[in-house]
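Student:
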Amino acid sequence: GAGVSQSPRYKVAKRGQDVALRCDPISGHVSLFWYQQALGQGPEFLTYFQNEAQLDKSGLPSDRFFAERPEGSVSTLKIQRTQQEDSAVYLCASTPGGVPKRGGYTFGSGTRLTVV
Amino acid sequence: TQLLEQSPQFLSIQEGENLTVYCNSSSVFSSLQWYRQEPGEGPVLLVTVVTGGEVKKLKRLTFQFGDARKDSSLHITAAQPGDTGLYLCAGAPSGGSNYKLTFGKGTLLTVNP
Chain A
1 GAGVSQSPRY KVAKRGQDVA LRCDPISGHV SLFWYQQALG QGPEFLTYFQ NEAQLDKSGL
61 PSDRFFAERP EGSVSTLKIQ RTQQEDSAVY LCASTPGGVP KRGGYTFGSG TRLTVV
Chain B
117 TQLLEQSPQF LSIQEGENLT VYCNSSSVFS SLQWYRQEPG EGPVLLVTVV TGGEVKKLKR
177 LTFQFGDARK DSSLHITAAQ PGDTGLYLCA GAPSGGSNYK LTFGKGTLLT VNP
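Just so you know, the protein sequences line up as chains A and B, in that order. Going by this note's numbering, 97 is the number at position 97 of the first sequence; the sequence numbering is gapless. Going by this note's numbering, 154 is the number at position 38 of the second sequence; the sequence numbering is gapless.
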């Protein structure tokens with residue numbers, strides 16, 4: 001597609017509910033990233049995929065967070081037993097390969113998760 | 117952990133004024149990126165600076181990377197209401213984890229007509 005597409009745009013979850021957030025990267029982009037942006041903060045790194053391989057998951061806040069990209073294209077970020085502190089905008093970004101020296105990420109519009 | 121301090125956090129100015137946003141760290145970055153984010157949207161890349169001392173211009177926006185590659189600034193000349201938005205700086209670390217950007221908290225700029 002023309003850009004990075006994320007769905008849903010908004011998600012309200014009751015505390016304890018599981019949620020799944022979807023990211024469709026730009027077609028052919030090898031690298032995919034998930035970031036979490038809390039209200040009034042800059043984005044924070046969660047995880048990095050190169051094709052289907054998850055090369056870095058050091059930013060995932062807890063074992064309730066799980067990400068996958070089984071066929072090297074679409075990715076899903078799953079949060080189990082959501083808690084109020086999980087409320088944030090979840091951003092997905094992709095690049096043709098790694099981070100280009102003179103380039104940057106192409107971000108999607110994000111999914112705003114509100115846990116009530 | 118590498119931290120990026122952005123200042124000011126909020127800035128409200130009149131159309132036509134000039135402004136500068138600062139991004140500072142005690143860490144050295146291999147590159148530094150500036151993004152602009154509008155409400156309900158993801159950040160959009162404005163520029164990447166790579167070389168210490170580098171200056172890049174994008175119409176009325178001037179970006180500078182510090183000589184030691186620890187700090188950067190964004191200067192906007194004759195601001196317009198369309199410049200309103202959240203400006204984020206993001207540093208890429210040196211070494212193998214250069215994909216793991218560290219973002220500042222952002223500067224929320226409002227340009228009043």
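Just so you know, even glycine gets a beta-carbon here, dropped at the ideal spot from N, CA and C.
1. Provide the residue span of the beta strand (DSSP E) that contains Lys-78 of chain A, from first to last.
2. With which residues is His-29 of chain A paired in a DSSP beta bridge?
3. Output the boundary residues of the beta strand (DSSP E) element that contains Ala-2 of chain A.
4. Taking Cβ positions only, does Asp-18 of chain A come closer than 8 Å to chain B?
5. Under 7 Å Cβ-Cβ, which residues of chain A neighbour Ala-184 of chain B?
6. Compare the Cα-Cα distances from Tyr-215 of chain B to each of B:Leu-148, B:Asn-228, B:Lys-175, B:Ile-129 and report the closest residue.
7. Looking only at C-alpha atoms, which of A:Phe-49, A:Ser-87, A:Gly-104 sits nearest to Leu-117 of chain A?
8. Nearest to Gln-180 of chain B by CA position, among B:Gly-211, B:Trp-150, B:Glu-157, is which residue?
9. Could you tell me which chain B residues have their CB closer than 7 Å to the CB of Arg-102 of chain A, listed as they occur along the chain?
10. Considering only the alpha carbon of each residue, which of A:Val-4, A:Ser-31, A:Leu-39, A:Val-12 lies closest to Ile-133 of chain A?
11. Would the beta-carbon of Val-165 of chain B fall within 8 Å of that of Leu-174 of chain B?
12. Tell me whether the beta-carbon of Leu-77 of chain A lies closer than 8 Å to the beta-carbon of Leu-21 of chain A.
13. Quick check: what's the CA-CA separation for Gly-72 of chain A versus Gln-130 of chain B?
14. Taking Cβ-Cβ distances shorter than 7 Å, what residues in chain A pair up with Asn-214 of chain B?
Tutor: Well, looking at it:
1. As a working mapping, residue 78 of chain A is identified with position 78 in the first sequence. That run of the beta strand (DSSP E) goes 75–79.
2. Numbered from its first residue, the first sequence carries residue 29 of chain A at position 29. His-29 of chain A is not bridged to any residue.
3. One-based indexing of the first sequence puts residue 2 of chain A at position 2. That residue, Ala-2 of chain A, is in no beta strand (DSSP E); it is neither H nor E in DSSP.
4. Here residue 18 of chain A refers to the residue found at position 18 of the first sequence. Output row for Asp-18 of chain A: interface = no.
5. Numbered from its first residue, the second sequence carries residue 184 of chain B at position 68. Neighbours of Ala-184 of chain B on chain A: none; closest Cβ ~19 Å, over 7 Å.
6. Here the question's residue 215 of chain B lines up with position 99 in the second sequence. It is B:Leu-148.
7. In this structure chain A extends from 1 to 116, so residue 117 of chain A is not present and cannot be described.
8. Mapped onto the second sequence, residue 180 of chain B falls at position 64. Closest by alpha carbon: B:Trp-150.
9. Here residue 102 of chain A corresponds to residue number 102 of the first sequence, with the count starting at 1. Under the 7 Å cutoff, chain B gives Thr-164, Val-166.
10. Nothing about residue 133 of chain A can be reported from this structure: the residues present for chain A run from 1 to 116 only.
11. Position 49 of the second sequence, counted from the first residue, corresponds to residue 165 of chain B. Position 58 of the second sequence, counted from the first residue, corresponds to residue 174 of chain B. Contact flag unset, no.
12. Translated into positions along the first sequence, residue 77 of chain A becomes position 77. Translated into positions along the first sequence, residue 21 of chain A becomes position 21. Against a cut-off of 8 Å, the Cβ pair of Leu-21 of chain A and Leu-77 of chain A comes out as a contact.
13. Counting from one through the first sequence, the residue named residue 72 of chain A turns up at place 72. Counting from one through the second sequence, the residue named residue 130 of chain B turns up at place 14. Computed Cα separation, rounded: 47 Å.
14. By 1-based counting over the second sequence, the position of residue 214 of chain B is 98. Val-99, listed in chain order.
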